[in-house]
Amino acid sequence: MKDITDSPSSSSPITRVSRPEISLKTRLCPRPSTIAIAVLSYWFNQRNKSLQKSKLVIRLCKWIAILIAILNWRAVPFYWHVATLFPILKVKCRRWRLGSDNEAFVRSQGVIGMNPFEVRTVTKHCATWNACDFMMHMSNSSYAAALDEARCDWHVNKLGILMRNDMEYIKVIVASTHLAFLVEIPMLADYEVEVRPVSWDNKWVYLLSKFTTAPPKGSTTRTLNCISITRTVHKIGRRTVPPAKVYAAGGFGPDESNWHRICKLRQERKPMRQKLSASQEWLLNGEPFDGMDRFEEQRQRNLEIIRFALDGNLGVEALKDL
87 MKDITDSPSS SSPITRVSRP EISLKTRLCP RPSTIAIAVL SYWFNQRNKS LQKSKLVIRL
147 CKWIAILIAI LNWRAVPFYW HVATLFPILK VKCRRWRLGS DNEAFVRSQG VIGMNPFEVR
207 TVTKHCATWN ACDFMMHMSN SSYAAALDEA RCDWHVNKLG ILMRNDMEYI KVIVASTHLA
267 FLVEIPMLAD YEVEVRPVSW DNKWVYLLSK FTTAPPKGST TRTLNCISIT RTVHKIGRRT
327 VPPAKVYAAG GFGPDESNWH RICKLRQERK PMRQKLSASQ EWLLNGEPFD GMDRFEEQRQ
387 RNLEIIRFAL DGNLGVEALK DL
């Protein structure tokens, strides 16, 4: 039987389908998927670059903030309170080392039997970045802040025994401050503030403060940059204490008699119904007190200079001699 299955002949030619010719334009033109992938890749790359730039900006801002904080570290909150109240802490530590002995504490202050117009304190400061203005020297407002610290240091160290709650509990109130600027204090310069009383009247005490910087080359005299006169008053409650009695009770005077007198008054017990102690009554009564007569001539002479200086700038030169 004959096989009818068709089988290709080995000799028959194979026909190949020819591909259509692709033009150069078609070859060079990318496909839509390629374009989409390229767009997405570009977008992600740009986003990463922007994130890196934003991180760099954030890091730069942080370092700038840290630098500003370092340059203005004295302007942080509560710095003024710490700087002003720090002398109180130092005095309390000194009193603790002396065993809470009042006489030993006052003697360590060096005021017993001393002329009140010659006892002074010196505090050291620096014209930091935050204390200066655009002229690159210490701003006028910064002098008042330095005065707060210097005045507190003087009162706590020289009259601190009178300000205790268990003693006379005298409060010091600043009534006015007069500043005369002579020479500017450059930025980052170290300066000192010297404080001492120079006179008083029936009510007010006048404190002289001098701002000085290091002497220039070839000189041994410190540069006087600013002079300040502060008028203060001493109170027990709402009643004014005469300045002469305040300084006498603090131990000042020609000898130690004032100190011994106030110590005897402190030893007297306060009656049950009496609000004031014997020492407080003595400070507030109208009894004449001549324990400071030895310094009366100097007090009156300085008072005339101060009153003349406070009336105008002509008297500022006279303050340099106080």
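Numbering (my numbering) for the sequence shown: 87 to 408. Each residue gets a CB set at the ideal place from its N, CA and C atoms; glycine is no exception. Since the structure is predicted, the reported quantities are computational estimates derived from the model, not experimental observations.
Asked                                                                                                                                                                       : Found
Can you have a look at T306 and say buried or exposed, based on whether 16 or more other CB atoms are within 10 angstroms of its CB?                                        : exposed
Rounded C-beta distance between V177 and V242? I'm assuming under 8 Å.                                                                                                      : 5 Å
So what does DSSP say about I174, is it helix, strand or coil?                                                                                                              : helix
At what residues does the alpha helix (DSSP H) containing Y333 begin and finish?                                                                                            : P329 to A335
Can you check DSSP and say which residues form a bridge with W286?                                                                                                          : V291
Between the beta-carbon of I256 and the beta-carbon of L369, is there less than 9 Å?                                                                                        : yes
Check each candidate in E342, D341 and Q366 and name the one with the smallest Cα separation from Q353.                                                                     : Q366
Given this structure, state the Cα-to-Cα distance separating E383 from Y277, to the nearest angstrom.                                                                       : 32 Å
State the DSSP-derived secondary structure class of L158, mapped to helix, strand or coil.                                                                                  : Residue identity check: residue 158 is Asn in the sequence provided, not Leu. Coil, per DSSP.
Note down the Cα distance separating V260 from A217, rounded to an integer number of angstroms.                                                                             : 23 Å
I'd like the ranges of any alpha helix (DSSP H) spanning at least 4 consecutive residues and lying wholly in the segment 188 to 212.                                        : 188 to 195
Leaving aside the five residues before and after I58 along the sequence, list all residues of the same chain whose C-beta is less than 7 Å from its C-beta, in chain order. : Beyond the ends of the chain as shown, which are 87 and 408, falls residue 58; an answer cannot be given.
At the level of alpha carbons, what is the spacing between V205 and R385?                                                                                                   : 14 Å
Over the uninterrupted alpha helix (DSSP H) stretch that includes R352, give me the two end residues.                                                                       : S343 to Q353
Would you mind reading off the limits of the alpha helix (DSSP H) that contains H241?                                                                                       : N226 to L245
I'd like to check one pair, I348 with H264: are the Cβ atoms closer than 9 Å?                                                                                               : no
Can you list, in chain order, the residues of its chain whose CB lies under 8 Å from that of N388, leaving out five sequence neighbours each side?                          : F203, V284, S285, Y292 and L408
Give the secondary structure of P163 by DSSP, where H, G and I count as helix, E and B as strand, and everything else as coil.                                              : coil
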